[in-house]
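Here the structure is laid out as C-alpha cells; the discussion comes afterwards.
Okay, structure coming up:
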C-alpha cells in the first residue's frame, strides 16, 4: 500500500449530517465516561462505606461543583447508552437505510435530551 | 498502517462481539440500578447496603465492572488508532499510542481492583 496516498478527510471542509453528530457525540461521551467511571466508583465506595458517608454523599448533592460533576457523568452515561442502543437496533437490521439512520439519530438525540433534562431536574 | 496487535480480542470480529455483549451487560446494570434508586420510596443506607451485600448483586456488579474494562479498552483503542496515527502525528505516533494505551490500561486495572475492593470490602 502506498503510504503517502492522498486522503480527503479534512473534516472542517465537510458538511456533517445529523448521523455524524450523533456518532461523534457517542465517541466523545464514551471518552468522558471513562473518566466518569472514577466518579461512579467514588460514589459507590462512599455509599457503601458507612451510614455517615452515605449521608455525606447525599449531602454533597447540594454542592454546586458536585452537582455539576455528577450530572455531567450521568448525562454522558445516558447519551452513550441511548446511542449504543441505537447501534444494537441497527445490528438487528432496524434503521439501516439512509432515511432510517437519520430518523434513528433524531430519536436518539430526542430521548437522550429528555433523560438528561430529567437527570438535571432530579439533581437540582 | 495500524496492526491489530493491541486490540482486545486480536480480531475485529471478536472486538465487535465483545463490545456488544459488554454493552448489553452495562445497559442492563445501569437500568437496574437506576430503576432501584427511582422506585425505592425511601432509599436509606440499610436498604442500599442490603442490596449490595447479596451475592447476586455482587456478581452482577462484577460482571459490569469487567464489562467496563473490556468495553473501554475496545472503545479507546478505536479512538486512539484513529487519531494517534502516522498521518496525524508523524513517525512518533506508534510510540505515543503505546504509551497512551499503557496509561489507559493502568487506569482500567485500577478501576477493576478498586471496584472489587468496594464490592467485597464493606
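Residue numbers (the numbering used here), protein chains in the order written: chain A, 56 to 179; chain B, -5 to 116. Just so you know, even glycine gets a beta-carbon here, dropped at the ideal spot from N, CA and C. Owing to the predicted nature of the structure, the values given are computational and were not obtained by experimental measurement.
- CA-to-CA distance, residue 76/B to residue 150/A, given in whole angstroms: Roughly 26 Å separates the two Cα atoms.
- Task: Please go through the same chain and pick out, in chain order, the residues whose beta-carbon is closer than 7 Å to the beta-carbon of residue 53/A, but skip the five residues on each side of it.
- Result: Only positions 56 to 179 of chain A appear in the structure, and residue 53/A is not among them; the question remains open.
- Task: Would you please state the rounded distance, in angstroms, between the beta carbons of residue 21/B and residue 139/A? I believe it to be under 8 Å.
- Result: The Cβ separation is near 7 Å, so the contact holds.
- Cβ of residue 170/B less than 7 Å from any chain A Cβ? No answer is possible for residue 170/B: the residues shown for chain B start at -5 and end at 116.
- Item | Integer Cβ distance of residue 174/A from residue 131/A, believed to fall under 8 Å | Not a contact, Cβ separation roughly 11 Å.
- Indicate whether at least one CB of chain A lies closer than 7 Å to the CB of residue 66/B. Yes, its Cβ sits closer than 7 Å to a Cβ of chain A.
- Query: Between the beta-carbon of residue 16/B and the beta-carbon of residue 57/B, is there less than 7 Å?
  - Reply: Contact: no.
- Task: Please find out if some non-hydrogen atom of the ligand ADP comes closer than 6 Å to the beta-carbon of residue 73/A.
- Result: Inclusion of the ligand ADP in the displayed structure is not the case, the ligand content being empty and no account of it being possible.
- Using a threshold of 7 Å, state whether the C-beta atoms of residue 135/A and residue 85/A are closer than that. Yes, the Cβ-Cβ distance between residue 135/A and residue 85/A is below 7 Å.
- Can at least three beta-carbon pairs, one atom from the stretch 47 to 61 of chain B and one from the stretch 21 to 38 of chain B, be found at a separation below 8 Å? Contact between the stretch 47 to 61 of chain B and the stretch 21 to 38 of chain B is present, because at least three Cβ pairs lie under 8 Å.
- Query: Going by other Cβ atoms of all chains shown within 10 Å of its Cβ, with 16 needed for buried, is residue 137/A buried or exposed?
  - Reply: So residue 137/A ends up on the buried side.
- Message: By alpha-carbon positions, which one of 91/B, 45/B, 88/B and 99/B ends up nearest to residue 113/B?
- Response: Considering only alpha carbons, the answer is 45/B.
- Task: Scan the stretch 56 to 83 of chain B for residues whose Cβ lies nearer than 7 Å to a Cβ of chain A and list them as they occur along the chain.
- Result: Within the stretch 56 to 83 of chain B, the qualifying residues are 62, 66, 69, 70, 73 and 81.
- Query: With DSSP run on the structure shown, which of helix, strand or coil describes residue 148/A?
  - Reply: Here DSSP, grouped into helix, strand and coil, assigns residue 148/A to coil.
- Hey, how far is the Cα of residue 97/B from the Cα of residue 89/B? Spanning the two alpha carbons is a distance of roughly 12 Å.
- Task: Show which residues of chain A have a CB atom less than 8 Å away from the CB atom of residue 105/B.
- Result: The contact set of residue 105/B on chain A, defined by CB atoms closer than 8 Å, consists of 92, 93 and 96 in chain order.
- Tell me, please, whether the CB atom of residue 106/A is closer than 7 Å to any CB atom in chain B? It does: the Cβ of residue 106/A has a partner Cβ on chain B nearer than 7 Å.
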